[in-house]
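Heads up: the structure comes next, in structure tokens.
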Amino acid sequence: MNLKKLVLSSLIAIIMPISAFSESRTALDEAPLGLQLDDIFTPTEMQNNSAKVYRNGNGTDVVIITDDGGQQGGLWSTEAMKLDLSQDFHASMKIYFDDVGSNSADGAAFVMHSDPKGLSAFSFDGGQTLGVYGYKSDSNPERGAVQNSFAIEFDTYRNDSGENQFDNVDGLGDNHVASSYPGLSSSYERVGSPKRNKIYHDKYSESINLEKGALSNGKWHDFSFNYSAETHEFTYIFDGIERQLYDGLDTSVFGTNSVYWGFTGSTGKKESKQAVIFENIPGLVDAKVTEQVLNKKNESLLETEVTEGETVSYQTDIAYIKGKQSWRNLKVTSNGNQQVTPIAESINILLPDGSKYTPKENPFTEEGNLNLDLTGVELSDPNQHIQISYDAVIKKGNESKTRVLDSIQVAGSNNTIKSQEIGYWSIPTKYEFVFDEVADISTEITGKLLNTGDFEQVDLQLSNAYLSDGNQINSKAEFDPATQLFKLVLEEGVHLLAEEELVAQLTVDNEVIPITKTQVVDKMPPTAEGREVYMSINEDFPSSSKFVRNLMDTNKHLQPEDFNYEFNTNLNEIDVSKAGEHPIELTVADKAGNKSEMIHSTLKILEANKQLESKKQLELKSKDLIQKTTIEKNEFLLKQLAATAWEINAEAEKIDLTEQIIIQNSDEITENPGEYTIKLAVPNKNLYREVPLIVTDGELKLEVDEFPEMDAQIVSRSKKYSFPTTTKFSITDERVTESGWKVSVSQSGFTIPKGYTGSQQALNYLSLEMNNQESTSIASQGSKEIVLNDADSDLYFSFIVKKGANNYLSKNDKYSNEITWTMMKDNTLQLSKLNVTTPLKK
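In structure tokens, the structure reads:
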């Protein structure tokens, strides 16, 4: 069957039973542009071949391999269109699998072969063979395959269970593209029980593994291959993924240099609508398309700059070199980036016979691209040419230099050839605008407009660059049209920031002219202050930038590490093994080389890079801790310990951590007397310290003033003799954990000498009075206790003579009285005993 008959029968087969492919008709009609296949391919000679050809509305022949379940289809190149393995070749096509996702099966295969069966070569053992592989259970599966063949499979269903084991391969994708030699036994392995055959998918090249439904997604997939006759290198590309046969194409498999090629496919219980279109077929048509763009002097403008508004000439040469068929039904289109406006009436088309071709319709699209239909024009002899030229105007309005691109595609019914993309630059109208030097120390911005054109009004707007006050310039400059000079005076105290881009935009006669720019020059030196820099002994010096602070520069793009630090102090002479302080002098220079004044810093080397310090030991009274909350207790203890903490951070600063100090065991420390350990910590800095603490209770003590001397003479009659000064008795009880005390007071009684003179008499009675209140009498020669309890605090004492006769002593008498004080704790323990002698004056 020749292809013309195939095409006719295919049209009838598809158009009449339209439901057989109704879901995919849109995909076929909207298929990418492809070739017509007359005399190029023929259907595989077999019964019930599902393969057919559909020529859509744009003239592309779509080969439908299968369109339902339980089908087998294939087509082979004609004898004249066989591949010649002694020549290099390249082919490209697009493959389609209907959008049925994971329900698709089984797939299709690109096949090259020299099977003795020729155009009837096909494998009929079910869906998984894809029409090319051997039988699933035969002990010699290669015998059922297309013989002397090489295949690239496009598998939409993974067969790895039951009787179907072709894809029982670890790591193989549910959808995959893989290569093999179906007619070689080495392409198969027997597995399972009963024995079934599987295929080595990665033996000859790495497979392309895809997820389920990736092939059968209703999209056209790119497929192409390249072959080198000299090296036998064979590379295929699927949707941009490239694979190369490890050892090249084994041409010995074919036994000849002339091989059939085409597609086979099959489906099982699941259906798959599979189709292919051809874009480029080896040896069919060899042609070349060349495009260039010229100026009025016929000079090439490629990679040059052309001013907007200028007219340029596009010229295209279409040359037929050789081929097995004539190149016919040509459609010429350009793919520009819409930067030019073509002049339709300027188009000139010169045919191979020297005649001119006049388009029936406007040959340009609204976007400005060429769209020329040369149906009926045919190229068949070597060196036949079609030449096309037209003028175009470069569009205005781009604010800056813009790339202009174009390429030509010539699509015939049997080949599509593209030219190399060409390009040049469109530049705005040249108003040359020059700044005088603009620096960060400038107090004004000046410059000149060099254009000498005739204009009525020019406005100059300066913008974009930042100022030291944080604002951006957005000011209109003073402009003198006569001299074309402009000037903008900056406010006092405000300067430009270095390396900022200053933009000047001109408005000439109400037309905005593309922007002119300049960069602010850095001439102002940086400023910085010295600082204290900390490090621990035997550590590396901090980075140079750590020796300054408040580093300021007009170039705000610079980071501290971008500056150059020059030390006037030789750091190598500093002994880093010892703690100490060292003065450091240095300067800082910015990227432009502007150097600061001398900066004075101090390097402090410490024993460690972090420390928790406090008193080594602490002694407290119980009263210091009684009735304190946990927070109050912690604050009190930290204050008493004089606890401090610090660390040297990454910026070489000594950071105070004192506020972070905690006492980990404050609940264990109470007012009860005893020995404790205070556990200090700064947990997140891994600082810990233990301090011994001794807690003692308060004192219980007795204090009595010394009694002064009495007056010179004690006379009778109930006269009270007070001490010249107040005599005080006091108890101090600072205890917390204990309470209660008792004081006993006793006197020995007054004694006088034995020998009296004159009317001297013995003192019969003497009383001890507390706080001017009469108290228990004590005999002069005896002893009696006066008991004081802890409710009393301060007591005062005096002595009186009780009523009676002859109760006096003369001043010449010698007498004394001893008072004894006894302190008791809890009525049991004697704490102290004081003996106080109270003499009378002689």
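Residues in the sequence shown are numbered from 1 upward in steps of one, following full-length UniProt numbering.
Don't be surprised by glycine CBs; every beta carbon is placed ideally from N, CA and C.
These numbers were taken from a predicted model, which means no experiment stands behind them.
Asked	Found
For isoleucine 605 and glutamate 613, what's the separation of their Cα atoms in angstroms?	17 Å
Just to confirm before moving on: does the CB-CB distance between glutamine 47 and serine 266 stay below 8 Å?	no
Take the Cβ of glycine 693 as the centre, count every other Cβ of all protein chains shown within 10 Å, and call the residue buried at 16 or more, exposed below.	It is worth fixing the name first, because residue 693 is leucine in this sequence and not glycine. It counts as buried.
Using the Cβ count rule (16 or more neighbours within 10 Å means buried), how would you classify lysine 719?	Residue placement at lysine 719 cannot be trusted, given a pLDDT of 49 that sits under 50; what the coordinates show is reported in the next sentence. Under this definition lysine 719 is an exposed residue.
Between the Cα of alanine 287 and the Cα atoms of His495, Val410, Pro428 and Ser86, which residue gives the shortest distance?	Val410
Per DSSP, which residues does glutamate 378 bridge with? Please list them.	Arg328
Would glycine 368 and threonine 402 qualify as a contact pair, given that the criterion is a beta-carbon distance under 8 Å?	no
Assess contact between the region 84 to 101 and the region 220 to 236, defined as three or more Cβ pairs (one per stretch) separated by less than 8 Å. Is contact present?	yes
DSSP has glutamate 566 in a bridge; who is on the other side?	Thr587
Note down, in chain order, each residue of its chain lying with its Cβ closer than 6 Å to the Cβ of glutamate 189, except the 5 sequence neighbours on either side.	Lys198
So, with DSSP's three-state summary, where would you put lysine 578?	coil
CA-CA distance, alanine 791 and leucine 687?	Confidence at alanine 791 is low in this model, with a pLDDT of 45, below 50, so its placement is unreliable and no value can be given for it.
Out of Ile584, Gln611, Ala145 and Ser577, which one is the CA nearest neighbour of leucine 571?	Ile584
Taking the C-alpha atoms as reference points, what is the distance between glycine 493 and methionine 524?	14 Å
Along the chain, where does the beta strand (DSSP E) that runs through isoleucine 321 open and close?	311 to 323
Taking the runs of the alpha helix (DSSP H) that are 4 residues or longer, which of them lie wholly in the region 620 to 708?	622 to 625 and 630 to 641
Quick check: the region 127 to 147 against the region 171 to 179, are there 3 or more CB pairs under 8 Å?	no
Are the beta-carbon atoms belonging to residue 861 and tyrosine 390 less than 8 Å from one another?	Coverage of the chain is limited to positions 1 through 842, which leaves residue 861 absent and any answer about it impossible.
Does DSSP put glycine 336 in a helix, in a strand, or in coil?	coil
Considering just the uninterrupted stretch of the beta strand (DSSP E) at asparagine 474, what are its terminal residues?	472 to 476
Give me whichever residues DSSP pairs with glutamate 153 in a beta bridge.	Ala109 and Ala178
On the DSSP letters alone, give me the boundaries of the beta strand (DSSP E) that asparagine 295 sits inside.	It is not in any beta strand (DSSP E) - asparagine 295 carries neither H nor E in the DSSP assignment.
For aspartate 469, tell me which candidate among Glu45, Glu399 and Lys556 has the shortest Cα-Cα distance.	Lys556
Short check: CB of isoleucine 277 to CB of alanine 51, under 8 Å?	no
Touching or not, the region 612 to 628 and the region 660 to 674, by the rule of three or more beta carbon pairs under 8 Å?	yes
Go through the region 479 to 546 residue by residue and report every complete run of the alpha helix (DSSP H) that reaches 4 residues or more, in order.	none
Which residues bound the beta strand (DSSP E) around serine 77?	72 to 77
Residues in the same chain with beta-carbon distance under 6 Å from glutamate 305, minus the five sequence neighbours each way, listed in chain order, please.	Trp425 and Ile427
Who are aspartate 733's beta bridge partners in DSSP?	Leu700
Under a three-way DSSP split, which group does tyrosine 756 fall into?	Because tyrosine 756 carries a pLDDT of 40, less than 50, the predicted location of this residue cannot be relied on, and the following value inherits that uncertainty. Here tyrosine 756 sits in coil by DSSP.
In three-state terms, what does DSSP make of aspartate 373?	strand
Measuring only the C-alpha atoms, how far is valine 548 from alanine 498?	21 Å
Using 8 Å as the limit for Cβ to Cβ distance, is valine 533 near chain B?	Protein chain content of the structure displayed is limited to a single chain, and chain B is not contained in it.
Can you list, in chain order, the residues of its chain whose CB lies under 6 Å from that of alanine 608, leaving out five sequence neighbours each side?	Ser536
Under 6 Å Cβ to Cβ from residue 864, same chain only, skipping five residues before and after it: list those, please.	The requested residue 864 is not part of the displayed model; the chain covers only 1 to 842.
Using the Cβ count rule (16 or more neighbours within 10 Å means buried), how would you classify methionine 598?	exposed
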